[in-house]
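J.:
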Amino acid sequence: ILGGKSARRGNFPWQALTAIHGRGGGALLGDRWILTAAHTIFPKGVEDNNANLEQLAEKADIFLGHTKVEELHKLGNHPVRRIFIHPDYKPKDEYNFDGDIALLELKHPVTLGPTVQPICLPDTNNTTLYMDGHVGYVSGFGVEKNFISNELKYVSLPAIAREKCQHWLDSKKRDLPMVFSENMFCAGFLKIKRDTCQGDSGSVFTVLDMESGHWVATGIVSWGIGCAEGYGFYTKIINYLDWIKGIIRED
Amino acid sequence: STPVPRKLFGEIRSPGYPKPYPNNNISTWDIHVPKGYVVKLTFRFFDLEPSESCFYDYVKINADKKNLGRYCGQLGLTIGNHPGRKEFVSKKNRMHLEFHSDFSNEDNGTVIPYRGFLAYYQAVDLDECDPSNAAEEDEKPECQHFCHNYVGGYFCSCRTGYQLQSDHHSCKVECSSELFTEASGYLSSPEYPQPYPEYLRCNYSIRLPKGLSVNLKFLEPFEIDDHQQVHCPYDQLKIQARGREIGEFCGKESPGSIETNSNEVDILFLTDESGFSRGWKIRYTSEKIRCPQPVPRDQFTIIRDLQPVYQFQDYLIVSCETGYNLMEGNQKLQSFTAVCQADGTWHKSMPRCEIVNCGNPTNLTNGAFSYINTPENNTYQSVITYRCNEPYYRIVTGTRGDRFTCSAEGTWVDQDGRVRIPVCLPVCGKPINPVTEVQR
């Protein structure tokens, strides 16, 4: 998290620290599911990506319940039973992060409390969540000033209108032909150094629903071109509600 | 002298009959019929020299040491003593005939050929039971109770309760093993209501099928020798039921009615050498033996169709009020039936009713329950309510509510009677300590 602040305990009780292929983030859904980015499980640009999901589940380390990495480790990891990768995600397509969403089922349900609480999913009918300027908060244990953070940071970022995201991206396409699909949105600033960065992938972009008073996850930290050099790109959760609920409810 | 063979009938003829009898002849005949008979003799033909008082020729008949007459003469003549059709009957089984003829049968120089006699005798049954048939006063048959005549003899018998002795005439009281097996009847001391005999050892046994109870009722008069200071020293009437003595009675006060509660009753009557008491008489009846009236062990026990009386083979069914279990010891019963047995006891003892206990309520994951009722227990109609660990969890009960009651079936159920407990679901997006921006 660049340009952010240190989170206090209980600010983002859904925040998970993942360690699958390096550091990542995730968000607690219910009492036994972790929502994260698919590329934290199957990174793009990695040649040897043939490990199967059972093996990855065995290796995955998930931590919950603290803002400090060291304390998180002391609390112990939460073993993973199963991993679900969205079928649209293409690990080999380095320029297209469409479908960058995954669910991890924990082996044992977690006991909720002040520092461990789930995030809500958005209401399908809420059309304002991704409107230009709708401010949300992103937390994460990712890179800050070139150093991987040892504590949870957060930053507030506005959602940006799709045209602006595309326009900015078009100006960068000569370097990287990245795809901005309808299953993504972008947020952040062009000039202000406030952004998410490596290590924050999988963490959720959350907004406060003023009507219900609940914090709702609207996006998943997915990709960007550098950090704090423009907008960041997030998986648009509202487009994946059926997939998410289909997996969670079936369980 | 000719002994007549012991036959049942025969003829006696004068010497030479039917030819005239000789002079100077004395002939005797002893007629002897079997014992139990008497001799009946008649003359079929009689023609002897007539004379005054039968001085010359005659037939003399004796029986039972008595002279039955002296006969002579001819039929139709006034002189002499013609027997005619007379029947001569002895009182015993013998008769003696004597014929005597003198030296001549002349009448005015003419010899008259008197032909003599032909007599017929037969044995006639002696009715020994008729006292008038006794030959001598001391020869009466003397059956003590009953005499029964038959052809050629007789026998004695005795009244009920008496036994014919070895002399076949006397009767002695026999009451040492009187058995009664009918459902009801009468029994009394010998000779009742006349004074009872001495030296009695009477034993009257009433034996009825199992399950019946004998009831005794003493009738009037009731008299057994007694003593004012000492209890029944002379004669005793003892009543036992199943070997257990119910009582020993004497005096003039009737014991009244006695319910023995037994199907086997023995009545012993013992008398000494004297006394003039009239004895006793009992009417016994029987009814099905009764069992004790069932009594519930607690206020929750229900006896179905409670009867005023329970007798042998009756049964009762016991249940409990709603919310209570039938218990026999530590075992829960689905039902209970008890049968009144032949010995007047119930084949099972009354169970008790114990309040249903639902046990500890199911723990709610990420929640808890609390009791609404006091005292807090898990018995029938206790009520608990579930709640979740708020604010992190919220309770989901559907339409059933969060209250559960201990049912009569022993399970915790909601208001719809379902056992499924609520669920605590996570509350999302409500951090206790949300991020708060201050500077603007």
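If you're matching them up, the sequences are chains A and B in order. So for the first sequence, the working numbering puts the first residue at 582; every next one is plus one. So for the second sequence, the working numbering puts the first residue at -19; every next one is plus one. Ideal Cβ placement from N, Cα and C applies to all residues, glycine included.
Going by C-alpha distance, which of B:S254, B:L344, B:R263, B:T365 is nearest N353 of chain B?
T.: Taking the first residue of the second sequence as 1, we reach residue 353 of chain B at position 373. The residue with the shortest Cα to Cα distance from N353 of chain B is B:T365.
J.: If I follow the unbroken beta strand (DSSP E) through Q216 of chain B, where does it start and stop?
T.: Within the second sequence, numbered from 1, the residue matching residue 216 of chain B stands at position 236. 216 to 221 is the extent of the beta strand (DSSP E) around Q216 of chain B.
J.: Residues of the segment 371 to 386 of chain B in Cβ contact with chain A at a cutoff of 8 Å, in chain order, please.
T.: Of all residues in the segment 371 to 386 of chain B, Y372, Y373 have a Cβ within less than 8 Å of some Cβ in chain A.
J.: Does DSSP put T58 of chain B in a helix, in a strand, or in coil?
T.: The residue labelled residue 58 of chain B in the question sits at position 78 within the second sequence. Here T58 of chain B sits in coil by DSSP.
J.: Tell me which residue opens and which closes the alpha helix (DSSP H) that S730 of chain A is part of.
T.: Here residue 730 of chain A corresponds to residue number 149 of the first sequence, with the count starting at 1. Neither: S730 of chain A is in no alpha helix (DSSP H) and is coded neither H nor E.
J.: For L771 of chain A, which residues of its own chain have a beta-carbon under 8 Å away from its beta-carbon, when the five flanking residues on both sides are left out?
T.: Against the first sequence, residue 771 of chain A aligns to sequence position 190. Answer for L771 of chain A: W749, G811, Y812, listed in chain order.
J.: Is the beta carbon of G794 of chain A less than 9 Å from the beta carbon of G717 of chain A?
T.: Taking the first residue of the first sequence as 1, we reach residue 794 of chain A at position 213. Taking the first residue of the first sequence as 1, we reach residue 717 of chain A at position 136. Result no, Cβ atoms of G794 of chain A and G717 of chain A do not sit closer than 9 Å.
J.: Would a check of beta-carbon distances place N343 of chain B closer than 9 Å to chain A?
T.: Within the second sequence, numbered from 1, the residue matching residue 343 of chain B stands at position 363. Taking Cβ atoms only, chain A never reaches closer than 9 Å to N343 of chain B, which makes this a no.
J.: Quick one: does I401 of chain B have its CB under 9 Å from some CB of chain A?
T.: As a position in the second sequence, residue 401 of chain B is number 421, starting the count at 1. Judged by the 9 Å Cβ criterion, I401 of chain B is not in contact with chain A.
J.: Taking the alpha carbon of T599 of chain A as the point to measure from, which residue in A:D612, A:D669, A:G611, A:T621 has its own alpha carbon closest?
T.: Here residue 599 of chain A is taken as the residue at index 18 of the first sequence, counted from 1. Nearest C-alpha to T599 of chain A: A:T621.
J.: Roughly how many angstroms lie between the CA atoms of P0 of chain B and P93 of chain B, to the nearest whole one?
T.: Start at 1 with the first residue of the second sequence, and residue 0 of chain B comes out as number 20. Start at 1 with the first residue of the second sequence, and residue 93 of chain B comes out as number 113. In a straight line, the C-alpha of P0 of chain B is about 5 Å away from that of P93 of chain B.
J.: Note down the Cα distance separating L833 of chain A from I615 of chain A, rounded to an integer number of angstroms.
T.: Past the boundaries of the shown model lies residue 833 of chain A; chain A is included only from 582 to 832, so the question cannot be answered.
J.: Is the segment 245 to 256 of chain B touching the segment 276 to 292 of chain B in the sense that three or more CB pairs, one from each, lie closer than 8 Å?
T.: Touching, no, given that fewer than three Cβ pairs across the two stretches are closer than 8 Å.
J.: Could you check if Q636 of chain A is buried or exposed, using at least 16 other CB atoms within 10 Å of its CB as the buried criterion?
T.: Stepping through the first sequence from its first residue, residue 636 of chain A is reached at position 55. Exposed, since its Cβ has fewer than 16 Cβ neighbours within 10 Å.
J.: By Cβ distance below 7 Å, which residues in the same chain neighbour S242 of chain B in space, the five residues on each side in sequence not counted?
T.: Taking the second sequence and counting its residues from 1, one reaches residue 242 of chain B at position 262. The answer, listed in chain order, is S193, V194, A221, R222.
J.: Decide if L144 of chain B is buried, meaning its Cβ has at least 16 other Cβ atoms within 10 Å, or exposed.
T.: On the second sequence, position 164 is the one that residue 144 of chain B refers to. Buried, because 16 or more other Cβ atoms sit within 10 Å of the Cβ of L144 of chain B.
J.: Going by Cα to Cα distance, which pick from B:Y295, B:Y100, B:V131, B:T359 is closest to R65 of chain B?
T.: Walking along the second sequence from the start, residue 65 of chain B turns up at place 85. Among B:Y295, B:Y100, B:V131, B:T359, the Cα nearest to that of R65 of chain B belongs to B:Y100.
J.: Of all Cβ atoms in chain B, is any one closer than 9 Å to the Cβ of L694 of chain A?
T.: Counting from one through the first sequence, the residue named residue 694 of chain A turns up at place 113. Residue 694 of chain A is actually Gly in this sequence, not Leu. Closer than 9 Å to some Cβ of chain B, the Cβ of G694 of chain A qualifies, so yes.
J.: Does the pairing of the segment 312 to 328 of chain B with the segment 336 to 356 of chain B give three or more beta-carbon distances under 8 Å?
T.: Touching, no, given that fewer than three Cβ pairs across the two stretches are closer than 8 Å.
J.: By how many angstroms is the C-alpha of G56 of chain B removed from the C-alpha of F79 of chain B?
T.: Along the second sequence, one-based indexing puts residue 79 of chain B at 99. Along the second sequence, one-based indexing puts residue 56 of chain B at 76. Answer to the nearest angstrom: the Cα atoms are 21 Å apart.
J.: Let me know the secondary structure DSSP gives H620 of chain A once reduced to three states.
T.: The sequence position of residue 620 of chain A within the first sequence is 39, counting from 1. Helix at H620 of chain A.
J.: Kindly list, in the order they appear in chain E, the residues whose Cβ is closer than 7 Å to that of D612 of chain A.
T.: This model lacks chain E altogether; the protein chains it does include are A and B.
J.: Select from B:E356, B:G236, B:K197, B:V407 the residue whose C-alpha is nearest the C-alpha of V376 of chain B.
T.: Stepping through the second sequence from its first residue, residue 376 of chain B is reached at position 396. Here the closest residue by C-alpha is B:V407.
J.: Locate the beta strand (DSSP E) running through W9 of chain B, then write down its first and last residues.
T.: As a first step, residue 9 of chain B is located in the second sequence; it is residue number 29 there, counting from the start. W9 of chain B -> beta strand (DSSP E) spans 6 to 12.
J.: In whole angstroms, give me the CA-to-CA distance for P14 of chain B and A103 of chain B.
T.: Along the second sequence, read from residue 1 onward, the residue named residue 14 of chain B stands at position 34. Along the second sequence, read from residue 1 onward, the residue named residue 103 of chain B stands at position 123. C-alpha separation (whole angstroms): 8 Å.
J.: Which value, in whole angstroms, describes the spacing of the CA atoms of R380 of chain B and G303 of chain B?
T.: Within the second sequence, the letter at position 400 stands for residue 380 of chain B. Within the second sequence, the letter at position 323 stands for residue 303 of chain B. In a straight line, the C-alpha of R380 of chain B is about 22 Å away from that of G303 of chain B.
J.: Exposed or buried, what is K71 of chain B when buried is set at 16 or more other beta-carbons lying within 10 Å of its beta-carbon?
T.: For the purposes of this step, residue 71 of chain B is taken as residue 91 along the second sequence, with counting starting at 1. Flag for K71 of chain B reads buried.
J.: For the beta strand (DSSP E) containing K20 of chain B, list its first residue and its last residue.
T.: The residue labelled residue 20 of chain B in the question sits at position 40 within the second sequence. Looking at the DSSP string, the run of the beta strand (DSSP E) that includes K20 of chain B is 17 to 27.
J.: Which residues, in order along the segment 287 to 321 of chain B, keep a beta-carbon less than 9 Å from a beta-carbon of chain A?
T.: Cβ contacts with chain A come from no residue of the segment 287 to 321 of chain B.
J.: Note down, in chain order, each residue of its chain lying with its Cβ closer than 6 Å to the Cβ of F678 of chain A, except the 5 sequence neighbours on either side.
T.: Counted from its first residue, the first sequence places residue 678 of chain A at position 97. The residues are S803, W804.
J.: Under 9 Å between C-beta atoms, does G347 of chain B make it to chain A?
T.: For this step, residue 347 of chain B is matched to residue 367 along the second sequence. Cβ-Cβ to chain A under 9 Å: no for G347 of chain B.
J.: Give me the DSSP bridge partner(s) of N47 of chain B.
T.: The sequence position of residue 47 of chain B within the second sequence is 67, counting from 1. According to DSSP, which records beta bridges pairwise, N47 of chain B is partnered with B:N42.
J.: How about I664 of chain A and L702 of chain A: are their beta carbons less than 9 Å apart?
T.: Along the first sequence, one-based indexing puts residue 664 of chain A at 83. Along the first sequence, one-based indexing puts residue 702 of chain A at 121. No, the Cβ-Cβ distance between I664 of chain A and L702 of chain A is not below 9 Å.
J.: Hey, L583 of chain A and E725 of chain A: beta-carbon distance below 9 Å or not?
T.: Position 2 of the first sequence, counted from the start, is the residue given in the question as residue 583 of chain A. Position 144 of the first sequence, counted from the start, is the residue given in the question as residue 725 of chain A. Yes. Within cutoff.
J.: Should E417 of chain B be flagged as near chain A, meaning a C-beta pair shorter than 9 Å?
T.: Taking the first residue of the second sequence as position 1, residue 417 of chain B is located at position 437. So, interface residue.
J.: On the premise that I262 of chain B lies in contact with F198 of chain B, defined as a C-beta separation below 8 Å, what is that separation, rounded to the nearest angstrom?
T.: Within the second sequence, the letter at position 218 stands for residue 198 of chain B. Within the second sequence, the letter at position 282 stands for residue 262 of chain B. With a Cβ gap of about 6 Å, F198 of chain B and I262 of chain B count as contacting.
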